[in-house]
Amino acid sequence: MCGIFGISANRDIAPLLVEALGKLEYRGYDSCGLSVGGNDGNLQIRKGAGPVQRVATEERFSEISGNWGLGHVRWATHGRVSRLNSHPLVDSYGDIAIVHNGILQGYEELREDLISEGHTFLSETDSEVIAHLIERSMKKGSTVEEAVLECAQKLDGTYAIGVMTRQEPGTLYALRMESPLLIGVGEDFHCFSSDPLTLGGITDQVIWLEDGEMARVDQSGCTLRKIADGSSFQRQPEKISVAERAVELGSFADFMSKEIAENGTVVETALSLPEEKIDSIVSAMESAQRTVITGVGTSYYVALMGQYMISELADEFTPAMSSDEMPHMVPLRDSDHVLAISQSGETYDTLRALRLSRSRGANLSAILNVDSSSMAREVDQFLDQGAGPEICVLSTKSTISQLALMLRIAVRLGERKGVLEGDRLAAIREDMAALPKRLNSIAEGDHGLIRDLARRHSVMRNWFFLGRGIQHGLALEAALKFKEVTYCHAEGMSSGTLKHGTISLIDDAMHTVIFLPGTDLLDLRQHAMGAIAEISTRGGKVICFQPQGSPLPELRPESIVECPEAGPWTTPLLQLMQAQLFAYYTAKALGRNVDKPRALAKSVTVG
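Here it is, written out as structure tokens:
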């Protein structure tokens, strides 16, 4: 979950490197660094632990200049968060600098061999072996290009690697294996990056690197080779849409609150997506013997809620499976269809599940927020959420957007199957059409109750989040958002499982949030209400989220948070927005960095 960027140009590239690191920071902000070279070949390396802006100031990035260089933002996997473990990393003499995103397997043996030959390691990382392997090959007489290839042929694991050497001023090497990497082509420069986002404002011409490929880049062009045998090949650049990232906060204090407030807008976009786009997914479902919905983290909880939607609205069982477990649990066939959900389109576990599914002949679909992502290129059809850039590391508006698209898929499938028709179909469509306005009413309304609850309960360190039916998936996602941003323990579960052991944890130090459906799902509501009674009799405190106008006879939860009255399939989206606000205000009361919570990365690109 790191990000890399490299560029060779006929002008000073240091400012471009720093700007690119800022755009990549969502991938990791434990540490960052850059290496810049001039015509004399000397490598100027500046790096440190901390976010880009702070390190750039402390290490005086603005004082260096040159026309070729590498940059890196780090999310720590091997080695502590420290300056020594920051990238770029170098060989024994400081002549070779490398940056790496990924995880190397078996690096310990390579490291021990190199140490026995006299190499000195300065970091605790797996990545440092790359620089020393290149150094060793060059000592034996290999050219830089040969040495880089020889190094890559010894590596096992995932990587996007950038290399620069004092011996070849102006030349960079970029290598890919199961980690996103592309080449940017400009009039007087060439670059490579983990994310096309960094190319906004400089070029829209790219060459996508595939697994097992290497590019040799300088300001005038690039040559491509296969890592396995060094054979050369050609690939023409293609034009992509690279939007400048919207980074203006406007009147908002942070991006988390701004993006929560945009929920209504992104749902309106999702609901306006042409019907033929929805039909491309629905047709794939109809043609398949079975559809499996997959995602990981938040996207898995969206999949789980989508499973409920499709079951109830289209009378079809579509199992939801977490992508990291899917390769071990689901025996896929060529008659199957896999629907993946990923905000970034680069999620390692989900890509791995899709590639396994492809190898077994399954048809692949996706719901994505980045139309230039790896996933977009690998599936047969996808829906572009069009939710816009999400700067906050936590997924908020993109999650609500994904749920709106899952609801559209479920409704359309039910309609085409004849399960949904007449007044029921019309009522659901009317309810969906009103959803953006209802979300906006939450955004623009008084947050006083939620803010007050968050402040009063911010001292509580342990929480349960409960729901039944589709609210089960909602509870899981709400608990995840809460723990991510507050650093408090929060456990989401079905309210029905509470009495099967977990109830032993209930006391006056445990708080519970429960999500109730309206009276239109009376059976589910009554079962979930039973959990309130069970908790209250044991001294536990309950905050109840429910639609307006739904009675709670004889129950006395500590607090009730009501959302606008809505149908059973849009109510969970309204409640999720309120849960996002509850997590936000609790985190603010605790003084957390809501946009960049500790230890998190926006795009999880390592396994």
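Numbering follows this note's numbering, in which position 135 of the sequence shown is assigned residue number 172; successive positions increment by one, without gaps.
Note that beta-carbon positions come from the ideal geometry of N, C-alpha and C, so glycine has one too.
Its chain contains ALA527, ALA620 as the residues whose beta carbon lies nearer than 6 angstroms to that of PHE519, once the 5 sequence neighbours on both sides are disregarded; these appear in chain order. Collapsing the DSSP output to three states places LYS434 in a helix. Three or more beta-carbon pairs drawn from the region 577-588 and the region 539-547 are found closer than 8 angstroms, and the two stretches are therefore classed as touching. ILE264 carries a coil assignment under DSSP once its states are collapsed to helix, strand and coil.
Contact between GLY586 and ASP468 does not hold, since their C-beta atoms are separated by about 15 angstroms, which reaches or exceeds 8 angstroms.
Taking the Cα positions, MET358 is about 49 angstroms away from PRO206. Per the coordinates, the alpha-carbon of HIS494 lies some 8 angstroms from the alpha-carbon of THR623. In this structure, the CA atom of LEU236 is about 8 angstroms from the CA atom of ALA57. Secondary structure within the region 506-563: the alpha helix (DSSP H) runs of 4 or more consecutive residues, fully enclosed, are 507-523 (chain order).
If you compare the alpha carbons of GLU312, CYS69, ARG117, THR162 with that of ARG445, the shortest gap goes to GLU312. Here the alpha carbon of ASP421 sits roughly 31 angstroms from the alpha carbon of LEU553. With a contact defined as Cβ atoms closer than 8 angstroms, CYS581 and ILE569 qualify at about 7 angstroms. The count of Cβ pairs closer than 8 angstroms, one atom from the region 366-375 and one from the region 400-418, reaches three, so the stretches are in contact. GLN256 counts as buried, since no fewer than 16 other beta carbons sit within 10 angstroms of its beta carbon. Annotated as distal: SER409 and PRO609, with beta-carbon spacing of 7 angstroms or more.
Taking 7 angstroms as the cut-off, the beta carbon of MET293 is found closer than this to the beta carbon of CYS429.
Bounds of any beta strand (DSSP E) do not take in ILE239, whose DSSP letter is neither H nor E. Taking 8 angstroms as the upper bound for CB-CB distance, MET342 and ILE507 are in contact here, some 5 angstroms apart. Under the 10 Å beta carbon count, LYS177 is surrounded by fewer than 16 other beta carbons and is classified as exposed. The Cβ atoms of GLY106 and ILE167 lie no closer than 7 angstroms to each other. DSSP lists ASN138, ARG213 as the bridge partner or partners of ALA197.
In this structure, SER160 places its C-beta atom within 7 angstroms of the C-beta atom of LEU121. Distance from LEU209 to VAL222 at the Cβ level is roughly 14 angstroms; contact not present, criterion being Cβ atoms closer than 8 angstroms.
Annotation: ALA424 to ILE404 spans about 11 angstroms, alpha carbon to alpha carbon. Across the set ARG498, SER119, THR302, the C-alpha of SER119 shows the shortest separation from the C-alpha of ALA86. With a threshold of 16 other beta carbon atoms within 10 Å, HIS365 falls short and is exposed.
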